[in-house]
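This report concerns only the one structure given below.
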Amino acid sequence: MLFLVATGVYAQQGSQSLRATSPPPPSPEDHGYVVVLDAAHGGANLGALLQAGLDEKTFTLNLANRLSAQLRARSISVILTRNADVDISGDARAGSMNHAHAAACLSLHATASGNGVHLFTSSLPSRADAAGQRDFVPWQTVQSRFITQSLRLESEVKTALAREQIPVLLGRTTLMPLESATCPAIAVEIAPLNASTPATDPKYQQQIVDALVSALTHWSTDWRTQP
Amino acid sequence: MIPRWQQSIFWILLVSIVGMAAFLIRLRERAQHRLLAVQDVAPLTAATDAPPVPVTLMMANDADGSLMPVQRSETLPSETTARARALLEVLFSEYAAPNSLHPLAALPAVADVYLLPLPTSPSQPPGQPSSGQPPASPDDLAVVNLSGNFVAHHPSGIETETLTLLSVASTLHANMPQITQVHFLVDGQQKDTLAGHADLTRNYLTTEHEESTVESLP
């Protein structure tokens, strides 16, 4: 896994200097079902302060570890963009996603604002290459070729969360590493459930993990039918 | 033995140097006070006899991720950039109020607003001669220079940061329709994100909120 991450970092640094050639969407025949979990922030980049003594970086890493354990228990391959308290650039995170040829990329965040779970896809407009052609795409807009798939993945996660009676808010934003990911990619931001249930509540967290596992398990069959 | 006249000249020159140094230091202090005084009175003073005008604030709601238009009546300066800045101060004062649906710190938020004309689309109508310069567009880019102290106290999160940026962009457009894009600076410098999430390196379209805040369940 470390090798994959490192390969992603170096390959990404090279491609950044010019323009990234957008690879075709991952072919289900060529690659297995791989999920990339990106625990946001890390190191000196603390992220939001969720409560006294708990930063977003710690919360997201714990959540990523918990989620990856449950996915692996279902024989789903998982790659983490970080598995320690280190700060990784958005470009390096996107590099890890792209080199994994992932079927789903989830960037995990948390906040003290709002309530429920906020799902975000890139605000880039969707684009597709002309038949038989591969256009050059700027690194910052690579995700535009995967917007349709990302929206479908978002819908899958939304349905699973709604089944758990968790309020869901959908939105679009500009956020690294989503913009440069060549995979169906969404950001999952966990807010308090309500005034009395913070994001750190164990039962609430378990509901979210269960919903994400259910969505990603379902996606493992659905993504093969995506265009 | 140094002649007496040379000693006199030496002392006269020395006193002159010290005197001129003191004079220059004094001049510098006065110039600094004058510049600070200019900044203090800068853009926000509206004419006291100007009538209040209706303004539309696009207010963010963290609970459902929406932007809702809210009507207010405010006295605003007539000069365009001062008007834009005053408008945003009204917006941020609403967010700082108790029971705000998008709570933000009660701090001065906007240092400056600049308006720049946007060039028109490079596509030239067929048969029309090109003048070499892109023709002027009726659309403006607003450059909003946020205060670093305000940004340091902004809540961190994808939703809350995105809503703040979209609220600013759409409020400017609602009251000054010529503003179609907004770029954000912090203390005059480019910054990667507002508070760790929302991207500040790109221009925001003032119509972006129509696509960005969409749906909440259940």
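Those sequence lines, one after another, are chains A and B. Under my numbering, the first residue of the first sequence is numbered 723, with each subsequent residue one higher. Under my numbering, the first residue of the second sequence is numbered 5, with each subsequent residue one higher. Ideal placement from N, C-alpha and C gives every residue a C-beta, glycine not left out. For clarity, every value in this text was computed on a predicted model and none was experimentally measured.
| field | Beta-carbon proximity list for B:Ser104, same chain, < 8 Å, skipping 5 on both sides | value | Glu98
| task | Report the residue ranges of all alpha helix (DSSP H) runs contained in full by the segment 795-829 of chain A; include only those spanning at least 4 residues, in chain order. | result | 812-821
| request: Mark B:Leu28 as exposed unless 16 or more other C-beta atoms lie within 10 angstroms of its C-beta, in which case mark it buried. | output: exposed
| query | What residues in the segment 15-41 of chain B bring their beta carbon closer than 8 Å to a beta carbon of chain A? | reply | none
| Distance, B:Gly200 Cα to A:Gln773 Cα | 17 Å
| message | For B:Glu258 and A:Ser835, which I take to be in contact (beta-carbon distance under 8 Å), what is that distance rounded to the nearest angstrom? | response | Since the first and last residues shown for chain B are 5 and 222, residue 258 of chain B lies out of range.
| said: At the 8 Å Cβ level, is B:Ser171 part of the contact set with chain A, yes or no? | reply: no
| B:Leu61 - containing beta strand (DSSP E), residue span | 57-65
| Among B:Tyr208, B:Gly152, B:Asn207, which has the Cα closest to the Cα of B:Gly192? | B:Gly152
| task | For B:Asp196, count neighbouring C-beta atoms within 10 Å of its own C-beta (all shown protein chains included) and say buried if the count is 16 or more, exposed if not. | result | exposed
| said: Strictly by DSSP, which residues pair up with B:Thr197? | reply: B:Asp203
| request: Closer than 6 Å by C-beta to B:Val94: which residues in its own chain qualify, once you throw out the five before and the five after it? Chain order, please. | output: Glu78
| field | CB contact check: B:Glu163 to chain A, cutoff 8 Å | value | yes
| query | Should B:Met72 go down as buried or exposed, given a rule of 16 or more other Cβ atoms within 10 Å for buried? | reply | exposed
| query | So which residues on chain B does A:His763 lean against when the C-beta distance must stay under 8 Å? | reply | Gly200
| field | Burial state of A:Lys925 (16 or more Cβ within 10 Å) | value | exposed
| request: Starting from A:His831, follow its DSSP beta bridges and name the residues at the other end. | output: A:Glu911
| query | What is the DSSP secondary structure of A:Ile888, counted as helix, strand or coil? | reply | coil
| Got a sec: which bits of the segment 833-845 of chain A sit with their beta carbon under 9 Å from any beta carbon on chain B, in order along the chain? | Thr833, Ala834, Ser835, Gly836, Asn837, Gly838, His840, Phe842, Ser845
| task | Could you check the C-alpha separation between A:Pro860 and A:Arg867 for me, to the nearest Å? | result | 11 Å
| Pick from B:Asp66, B:Val57, B:Thr84 that is closest to B:Arg76, judged by C-alpha positions | B:Val57
| query | What number of angstroms, rounded off, separates the C-alpha of B:Val190 from the C-alpha of B:Ala146? | reply | 14 Å
| query | Would you say the beta carbon of B:Gln185 comes nearer than 7 Å to a heavy atom of the ligand ATP? | reply | What this structure holds is no ligand at all, so the ligand ATP is not there to describe.
| request: Can you pull the chain A residues whose beta carbon is under 8 Å from the beta carbon of B:Pro159, in chain order? | output: Ala770, Thr833, Ala834, Ser835
| task | Give me the Cα-Cα distance between B:Ala109 and B:Phe188, rounded to the nearest whole angstrom. | result | 18 Å
| Tell me which same chain residues have a C-beta within less than 6 Å of the C-beta of B:Val74, skipping the five on either side of it? | Leu61, Met63
| task | Could you tell me whether any Cβ in chain A is nearer than 8 Å to the Cβ of B:Thr168? | result | no
| query | Beta carbon of A:Leu841, beta carbon of A:Glu876: below 8 Å? | reply | yes
| query | Excluding the five sequence neighbours on either side, which residues of its own chain have a C-beta within less than 6 Å of the C-beta of A:Pro899, listed in chain order? | reply | Gly812, Arg815, Ala816
| In whole angstroms, what separates the C-alpha of B:Phe154 from that of B:Ile21? | 46 Å
| task | State the beta-bridge partners of A:His840 as determined by DSSP. | result | A:Leu891, A:Glu911
| query | Residues in its own chain within less than 6 Å of A:Glu911 by CB, not counting five upstream and five downstream? | reply | His831, Thr833, His840
| Going by DSSP, what residues sit across from A:Asn767 in a beta bridge? | A:Gly764
| Applying the criterion that 16 or more other CB atoms from any shown protein chain within 10 Å of the CB defines a buried residue, is A:Phe725 buried or exposed? | Note that A:Phe725 has pLDDT 33, beneath the 50 cutoff, so the model's placement of it is unreliable and the number below is only indicative. With fewer than 16 Cβ atoms within 10 Å of its Cβ, A:Phe725 is classed as exposed.
| Closest Cα partner of A:Thr803 within the set A:Gln792, A:Ala791, A:His763, A:Ala825 | A:His763
| query | In chain B, which residues lie less than 7 Å from A:Ala909 when you measure between Cβ atoms? | reply | Ile162
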